[in-house]
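Right, one structure below, let's go through it.
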Amino acid sequence: MALAPKLGWRLLSANLQELHLRHALTCGQAFGWSHLSLEPSQEPVIDKVDAAAFEPPAITDQVGVPAFNEAFATVLAGRAVILRHARLPSGPAVVYAVLPLEGTAPELQNEPVNAAQLSPIPEEASIYHALRDYFQLDVSLSRLYATWAAADPRMKTIADHLPGLRVLRQPPFECLISFICSSNNNIGRITLMLDRLKQHYGQPAGQLATGQILYSFPTLTSLSQAGEAHLRELGLGYRAKFITETCQALQRLGGEPYLERLRTQPYAQVQEIGAIPVDTHVWQIAVRDMDKELAHARSLTPTIYKRVGDLFRARYGSYAGWAHSLLFAAELPAFAPCLPSELVADIKAFRLAEKAAKTEQKRARKDAQGQPDTPSPSKTKSIKTTTRRMPAKSKGVTSSPKRPARQSRVDLASTNVATTARTTRAQRRR
1 MALAPKLGWR LLSANLQELH LRHALTCGQA FGWSHLSLEP SQEPVIDKVD AAAFEPPAIT
61 DQVGVPAFNE AFATVLAGRA VILRHARLPS GPAVVYAVLP LEGTAPELQN EPVNAAQLSP
121 IPEEASIYHA LRDYFQLDVS LSRLYATWAA ADPRMKTIAD HLPGLRVLRQ PPFECLISFI
181 CSSNNNIGRI TLMLDRLKQH YGQPAGQLAT GQILYSFPTL TSLSQAGEAH LRELGLGYRA
241 KFITETCQAL QRLGGEPYLE RLRTQPYAQV QEIGAIPVDT HVWQIAVRDM DKELAHARSL
301 TPTIYKRVGD LFRARYGSYA GWAHSLLFAA ELPAFAPCLP SELVADIKAF RLAEKAAKTE
361 QKRARKDAQG QPDTPSPSKT KSIKTTTRRM PAKSKGVTSS PKRPARQSRV DLASTNVATT
421 ARTTRAQRRR
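According to full-length UniProt numbering, the sequence shown is numbered sequentially starting from 1.
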């Protein structure tokens with residue numbers, strides 16, 4: 001198969017503070033991006049600039065320095081696109097290229113790009129606007145960082161070391177299905193599940209030089225045709241049932257336009273950019289950095305849940321959901337090399353202390369239960385059962401006095417789709 005013409009690189013963002021690809025795309029927000037490793041010699045050269053002066057470094061954890069030998073590919077608005085950082089005379093920038101609809105894309109190589117070619121071209125205008133909307137580039141991230149840093153010294157340290165980490169405005173249906181797949185899961189398995197869904201129910205949109213085919217995310221119509229049994233065969237496990245029921249519920253509510261309309265609803269209904277989803281990491285942040293009295297909470301009641309959210313909103317304002325995403329990323333081991341060692345040590349120390357306290361509490365509860373010194377044989381089984389039985393948990397509530405368990409089930413047959421979508425509103429902006 002003949003190679004397509006060389007890719008034309010276009011400028012998306014010229015400010016690293018506004019968009020850092022690795023920070024924004026690998027923090028667990030989205031799972032539809034393919035990571036591409038490139039040879040350093042394949043760095044695009046900007047015309048009329050001494051190429052030797054811009055020799056790209058290897059992947060580095062240096063603060064604020066993007067990796068120039070990596071790229072990210074996905075399908076957006078029906079077209080396959082590749083994004084990467086390139087060195088411009090003004091500094092690191094984000095450039096993108098649209099893959100051809102037919103044939104195989106050429107290998108990314110040392111392609112001269114002059115200033116005139118950096119501007120979007122009319123035939124790719126829809127892709128350019130789709131990318132800007134996806135990354136919400138109309139929102140000034142540098143201003144938000146400055147506001148948050150002024151209110152919180154710890155946040156200032158994190159913001160200085162993790163620039164350009166934005167909340168993504170993902171397609172609502174893809175975001176919803178991804179959320180269902182994320183329950184009791186890790187990034188690797190979530191990505192694998194979604195890749196399989198795309199391969200079986202999406203549409204091919206482009207092929208990389210490596211032979212990898214990029215698929216669009218399934219539409220509601222196509223995914224509705226998937227049976228629960230086949231989804232289980234694809235490795236989705238118990239989530240298969242929730243996905244099929246979600247699709248059925250959405251069909252009754254009017255399809256994907258229903259999810260789009262949620263963006264126009266008031267905060268009380270959908271909780272958008274100020275929403276704070278409370279999971280293990282967020283709970284630790286709230287207890288460690290905002291209100292240590294929360295450590296005495298015996299369960300994550302609606303009142304406690306709202307209290308945690310109010311703490312974030314009081315400190316970081318209306319874009320508290322965005323601030324939460326930055327703080328959340330700092331808790332992930334993958335970003336530890338980017339942060340000061342003392343901050344990483346503090347995070348680890350708190351986790352160890354919390355784990356020790358939890359172990360001690362379990363021991364104390366066991367001692368408080370009391371057991372007969374010499375139980376009779378007829379009562380041994382009964383005592384054993386009693387000491388192991390745990391009280392039934394209601395949805396969203398954990399028996400842990402410190403750390404709430406992650407919600408593991410999303411049943412949209414019995415609840416409104418809007419209720420589930422509300423949980424993901426932190427990844428939305430009107």
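Idealized CB from N, CA, C, for every residue including glycine.
- By the neighbour-count criterion, in which 16 or more other beta carbons inside 10 Å mark a residue as buried, residue 285 falls on the buried side.
- Assigned with DSSP and collapsed to three states, residue 326 falls in helix.
- Under a 10 Å Cβ-count criterion, residue 12 is classified as buried, with 16 or more other Cβ atoms of the shown protein chains found around its own Cβ.
- Counting only runs that start and end inside the stretch 211-245, the alpha helix (DSSP H) elements of at least 4 residues fall at 220-224 and 228-233.
- Residue environment: residue 238 is assigned as exposed (fewer than 16 neighbouring CB atoms within 10 Å of its CB, all protein chains considered).
- By the Cβ criterion, the stretch 132-151 is in contact with the stretch 12-24, since at least three pairs of Cβ atoms, one from each stretch, lie closer than 8 Å.
- DSSP places residue 251 in the helix class (H, G or I) of the three-state scheme.
- Annotation for residue 128: 120 place their beta carbon closer than 6 Å to its own, counting only its chain and skipping 5 residues before and after.
- Excluding residues up to 5 positions away in sequence, 14 lie with their Cβ nearer than 8 Å to the Cβ of residue 90 in the same chain.
- Three or more Cβ pairs closer than 8 Å define a contact, and the stretch 341-352 falls short of that threshold against the stretch 175-183.
- Rounded to the nearest whole angstrom, the CA to CA distance from residue 339 to residue 274 is 25 Å.
- Residue environment: residue 293 is assigned as exposed (fewer than 16 neighbouring CB atoms within 10 Å of its CB, all protein chains considered).
- Shown here for residue 149: same chain residues with a beta carbon closer than 7 Å to its own, the five before and five after excluded, namely 155, 156 and 159 in chain order.
- The Cβ-Cβ distance between residue 207 and residue 99 falls below 9 Å.
- For a cut-off of 8 Å, the C-beta gap from residue 191 to residue 31 is around 5 Å, short enough to register as a contact.
- Around the beta carbon of residue 264, fewer than 16 other beta carbons sit within 10 angstroms, so the residue counts as exposed.
- Using a 10 angstroms sphere on the CB of residue 35, the tally of other CB atoms stays under 16, which defines it as exposed.
- Between the alpha carbons of residue 168 and residue 226 lies a gap of roughly 28 Å.
- The beta carbons of residue 197 and residue 250 sit no closer together than 9 Å.
- Looking at the backbone, the Cα of residue 189 and that of residue 7 are separated by about 32 Å.
- Per the DSSP secondary-structure output, residue 70 pairs in a beta bridge with 37.
- In this chain, the beta strand (DSSP E) harbouring residue 206 covers 204-207.
- In the three-state reduction of the DSSP assignment, residue 10 falls in the strand class, which pools E and B.
- Between residue 164 and the set 186, 282, 200 and 136, the nearest pair of CA atoms involves 136.
- Residue 236 and residue 327 have their C-alpha atoms roughly 29 Å apart.
- Judged by DSSP secondary structure, residue 370 falls outside any alpha helix (DSSP H); it is assigned neither H nor E.
- In the structure shown, residue 281 adopts helical secondary structure according to DSSP, grouped into three states.
- Positions of the beta strand (DSSP E) runs, each at least 3 residues long and wholly inside the stretch 129-188, cannot be given because no such run exists.
- Annotated three-state conformation of residue 92 is strand, per DSSP.
- Per DSSP, the continuous alpha helix (DSSP H) segment holding residue 306 begins and ends at 302-316.
- In its chain, beyond the 5 residues on either side, 148 and 316 have a beta carbon closer than 6 Å to the beta carbon of residue 323.
- Per DSSP, reduced to three states, the secondary structure at residue 121 is coil, with no helix or strand assignment.
- Contact annotation: residue 70 and residue 132 have beta-carbon atoms that are not nearer than 9 Å.
- In chain order, 71, 73 and 97 place their CB closer than 6 Å to the CB of residue 82, counting only its own chain and leaving out the 5 sequence neighbours on each side.
- The Cβ-Cβ distance between residue 254 and residue 276 does not fall below 9 Å.
- If you draw a 10 Å sphere on the C-beta of residue 325, you find 16 or more other C-beta atoms in it, and that means buried.
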